[in-house]
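A.B. asks:
Chains as they are written, first to last, in this note's numbering: chain A, 70 to 493; chain B, 10 to 535.
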């Protein structure tokens with residue numbers, strides 16, 4: 070029971086942003102009564118047959134709670150419109166269309182199409198100089214901060230160039246939200262896939278228009294941790310569901326992503342008119358993924374079955390594939406911001422590892438020293454390093470997972486330092 | 010054996026830090042600025058040549074340039090091959106400084122030996138500054154007349170990932186751009202090995218090292234080659250580019266995939282990969298293992314796609330892609346239960362992903378690795394007749410259209426490429442670049458080994474008091490700093506079994522230096 074509750078708590082944290090992605094913050098006026106008598110007041114932000122995401126506000130802090138229908142006695146709604154995925158999607162699309170028109174009329178320029186390229190991970194031409202982990206080097210926050218710069222430079226088209234081997238699932242809903250709500254409403258948004266593996270495939274999945282490098286690939290989205298241990302149970306189910314929503318937003322058949330996440334088969338039928346039908350079995354005309362395998366789509370498959378719009382190995386080829394006749398490469402400030410963010414986060418990540426090692430060294434030494442004075446020197450050093458780690462985790466919470474130092478670890482270290490300091 | 014020993018040596022060295030006991034406070038041991046300090050702003054260390062020899066009390070020697078001195082220390086620019094690193098030594102450790110021991114080398118100042126695969130012997134030429142290609146000469150030193158097709162041949166040899174890695178490839182591509190060739194021939198002539206371990210040609214090395222690490226290296230190296238050849242505006246004319254495969258086995262098998270035009274020597278082989286679908290067997294959950302395998306296969310197939318279509322993205326139509334062959338060959342090199350057969354129709358290979366169903370079909374790869382009834386026999390394996398995984402020989406590669414032809418000499422290759430005459434193999438620096446890199450890597454590995462041993466040998470001199478302990482720690486830190494600096498420079502190629510894993514080693518050194526400093530802080534003057 071404890072483990073389940075804990076799992077739910079983690080899920081609530083992990084997927085809160087995804088829920089938030091689907092609704093603008095409205096007044097909190099729905100009421101839910103649980104079977105144990107608890108009354109919750111807030112706002113339903115998303116719901117399905119078996120669950121509700123319920124946003125509650127305590128003081129100035131909002132948080133989304135995941136509630137199972139079987140635990141709910143009654144729901145009083147302020148707004149009669151159900152917050153099902155279908156309804157949310159329709160509302161989001163209507164809003165996006167309105168925003169797009171508004172943005173176009175504001176730009177008001179009629180010359181060449183202004184195209185910006187933003188790196189989602191270090192492209193291979195950077196020669197592995199920086200890491201490319203989603204949630205570490207690749208940050209949703211940087212993409213959010215780039216928006217005003219893109220707008221200022223009157224960018225029409227944003228190309229998200231993807232080259233990453235994956236990263237933290239916690240960052241995926243943030244990217245889904247930003248791309249779907251912030252970018253698609255302002256720009257023509259396209260993805261240009263060099264390699265999008267795991268979280269790097271899931272994050273831009275909401276982007277409808279995808280182009281590929283000749284060597285491009287996207288997929289292999291199985292969640293895992295530690296020594297190749299798979300995400301299982303309700304966490305897996307939540308992840309599958311999240312990607313069903315992302316598939317809908319990205320106008321993709323959900324069977325594709327599902328076979329990238331779990332070992333489900335995938336095949337395709339193509340009729341005489343070239344209409345493609347995706348199938349979650351092995352019986353289609355073209356078998357793309359056998360049962361028992363995980364699917365990673367290659368550029369050739371993407372083009373052959375209409376998943377990708379075109380192939381391009383240079384930005385000029387990309388512009389041509391996108392049907393742009395006259396292009397002006399723009400948004401350099403935004404490109405620089407994203408690139409700098411990758412470089413800075415990379416430096417922090419490398420530094421963090423060393424700080425953690427030094428902390429472990431200092432605290433280990435302090436535990437061995439019988440002399441109070443000498444122990445005090447090491448403890449002072451350990452405290453300073455611990456504070457530095459705390460600061461870094463505050464700046465990027467993903468480091469908790471990346472370095473294996475969750476909040477409980479910090480608490481335990483504080484306690485250890487206190488105990489060692491109190492020794493005679 | 011030696012290789013592993015050095016790896017353990019490093020671990021022992023790190024542990025050995027505790028030898029010098031922690032007792033008593035300290036003072037800084039290093040970083041003293043001398044009164045004879047040179048004006049650093051006027052010095053470019055990268056261009057300095059070794060001049061002085063420092064001989065230590067323990068017999069060690071260091072070559073380089075004495076930058077400045079104080080009464081107690083000497084600051085030296087240590088020069089090892091092309092590597093330069095500053096270090097400060099206590100004069101008490103030094104037996105003798107031999108100044109101007111080395112004269113400026115003629116080789117590095119003036120003439121060097123040319124290097125191309127078709128070198129006919131030691132030939133002198135001016136060190137290239139970009140001007141030597143204004144009047145290009147052939148490999149025999151004869152001027153190439155205007156209008157003659159210039160052929161730039163570079164051999165990628167030795168161990169892939171070590172002797173051929175990012176730095177020398179980048180240098181070679183710079184040289185190639187300066188040369189402005191009409192034709193570029195990449196000859197693949199690698200040993201079949203990884204991190205110093207050689208294997209036999211009929212083997213398939215599906216380990217994480219061979220498949221994952223070298224695949225990543227191949228992709229990284231490709232980003233230095235393909236974009237330059239396709240898009241570098243400095244190349245006035247886009248050259249015709251071919252891969253000429255003699256031996257591309259194991260991790261070295263991936264890079265030729267990105268070349269559109271491939272030729273083989275008559276004894277050429279490409280393959281020896283295998284086992285991708287068995288990676289991480291026994292580790293973690295099956296679904297995660299499948300994920301790891303899937304993404305790696307996608308990388309390999311991506312390289313194959315790039316080779317088959319990359320020169321013209323617009324050619325990647327749905328129809329062309331549905332007939333794509335190379336990614337199937339690539340998968341057959343890697344994936345155990347994959348089956349691939351072919352037949353010839355009008356001189357073209359037709360592929361199907363199943364066993365032959367009639368006599369006109371030939372098997373390229375069966376499911377031997379997962380079906381013991383189809384597993385290769387020892388007799389077939391050693392005779393390179395196995396088909397558990399696809400390893401191309403010249404004949405099969407040509408039959409199925411993977412190779413455009415078979416040639417055992419450059420003349421034959423050019424003839425097959427449709428250039429029977431009117432060409433000359435130009436003298437270029439690629440051979441020299443790779444030779445020097447390999448030499449530097451080997452030298453560096455030895456040097457790091459020496460430094461590790463020296464570091465391990467640091468002992469507190471009698472009478473073992475605070476001053477002697479401080480001095481010993483200072484020496485330990487200096488050795489670690491030198492190791493760190495050198496390893497960083499050559500991390501892409503060093504054999505971690507000989508010098509310790511570069512990335513981890515660097516982190517470890519930094520922490521260990523910190524630890525020594527801590528011990529010094531805790532030490533006490535009696």
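No residue lacks a Cβ here, since even glycine has one placed at the ideal position from N, Cα and C.
1. Residue 279/A lies in the beta strand (DSSP E); which residues open and close that run?
2. Is it true that the CB of residue 395/A sits closer than 8 Å to the CB of residue 191/A?
3. Do the stretch 328-341 of chain A and the stretch 352-370 of chain A make contact, defined as three or more Cβ pairs closer than 8 Å?
4. Any beta-carbon of chain A closer than 8 Å to the one on residue 525/B?
5. With 8 Å as the threshold, decide whether the Cβ of residue 189/A is near any Cβ in chain B.
6. With DSSP as the reference, identify every bridge partner of residue 148/B, one or two as the case may be.
7. With a threshold of 8 Å between beta carbons, is residue 285/A in contact with chain B?
8. Can you give me the C-alpha to C-alpha distance between residue 100/B and residue 532/B, rounded to a whole angstrom?
9. Taking all protein chains shown into account, do 16 or more other C-beta atoms lie within 10 angstroms of the C-beta of residue 243/B, making it buried, or fewer, making it exposed?
10. Using the rule of at least 16 other Cβ atoms within 10 Å of the residue's Cβ for burial, across every protein chain shown, is residue 191/B buried or exposed?
11. Could you please tell me which residues of the stretch 296-314 of chain A, in chain order, have their CB closer than 7 Å to any CB of chain B?
12. Have a look at residue 562/B and residue 204/A and give me their C-alpha separation to the nearest angstrom.
13. If you draw a straight line from the alpha carbon of residue 184/A to that of residue 326/B, how long is it in whole angstroms?
14. If I follow the unbroken beta strand (DSSP E) through residue 8/B, where does it start and stop?
15. Please classify residue 108/A: is it buried, with 16 or more other beta-carbons within 10 angstroms of its beta-carbon, or exposed?
16. With 8 Å set as the bound, which would you pick, yes or no: does the beta-carbon of residue 37/B sit closer than that to a beta-carbon of chain A?
17. Just to confirm my understanding: we take residue 231/B, look at its own chain, exclude 5 residues before and 5 after, and list those with CB closer than 6 Å. What are they?
18. Beta-carbon within less than 7 Å of residue 289/B's beta-carbon, same chain only, minus the 5 sequence neighbours each way: which residues are those?
19. In chain B, what lies closer than 9 Å to residue 347/A by C-beta?
20. From 486/B, 105/B, 465/B and 454/B, pick the residue whose C-alpha is nearest to that of residue 497/B; which is it?
21. Relative to the alpha-carbon of residue 452/B, which residue among 465/B, 411/B, 462/B and 499/B has its alpha-carbon at the smallest distance?
22. Quick check on DSSP: helix, strand or coil for residue 367/B?
23. Are the CB atoms of residue 65/B and residue 110/B within a distance shorter than 8 Å?
24. Using a Cβ-Cβ distance cut-off of 8 Å, determine whether residue 195/B contacts chain A.
25. For residue 214/A, tell me which candidate among 197/A, 252/A and 237/A has the shortest Cα-Cα distance.
26. Quick check: what's the CA-CA separation for residue 80/B versus residue 400/A?
27. Where does residue 43/B sit, in a helix, a strand or coil, going by DSSP?
28. What number of angstroms, rounded off, separates the C-alpha of residue 263/A from the C-alpha of residue 493/A?
29. If residue 237/A and residue 470/A are in contact, beta carbons under 8 Å, what's the gap, nearest whole angstrom?
30. Tell me which residues share the same chain as residue 254/B and place their Cβ nearer than 6 Å to its Cβ, disregarding the 5 neighbours each side in the sequence.
31. Answer with buried or exposed for residue 323/B, where buried requires no fewer than 16 other C-beta atoms within 10 angstroms of its C-beta.
32. Once you ignore the five residues that flank residue 167/B on each side, which residues in its own chain have a CB closer than 8 Å to its CB?
33. Bridge partners for residue 254/B per DSSP, in chain order?
34. Is there a Cβ from chain A that is less than 8 Å from the Cβ of residue 584/B?
35. Got a sec, what are the start and stop residues for the beta strand (DSSP E) residue 110/A sits in?
36. Just checking: is the beta-carbon of residue 418/A within a distance shorter than 8 Å of some beta-carbon in chain B?
C.D. replies: According to the structure data:
1. 278-281
2. no
3. yes
4. no
5. no
6. According to DSSP, residue 148/B bridges with nothing at all.
7. yes
8. 23 Å
9. exposed
10. buried
11. 296, 297, 298 and 299
12. Residue 562/B is absent from the model: chain B starts at 10 and stops at 535.
13. 25 Å
14. Residue 8/B is absent from the structure shown; chain B starts at 10 and stops at 535.
15. exposed
16. Because the pLDDT at residue 37/B is just 24, under 50, the model does not fix this residue reliably, and the point stays unresolved.
17. 267
18. 298 and 301
19. Result: empty, since nearest Cβ-Cβ is about 16 Å, beyond 9 Å.
20. 454/B
21. 499/B
22. coil
23. no
24. no
25. 252/A
26. 57 Å
27. With a pLDDT of 31 at residue 43/B, under the threshold of 50, the predicted position of this residue should be treated as unreliable, though the coordinate-derived value follows. Coil.
28. 60 Å
29. 6 Å
30. 197, 265, 273, 277 and 279
31. exposed
32. 173, 199, 200, 443 and 447
33. 197/B and 273/B
34. Because chain B is modelled from 10 through 535, residue 584/B falls outside the range shown and cannot be assessed.
35. 108-116
36. no
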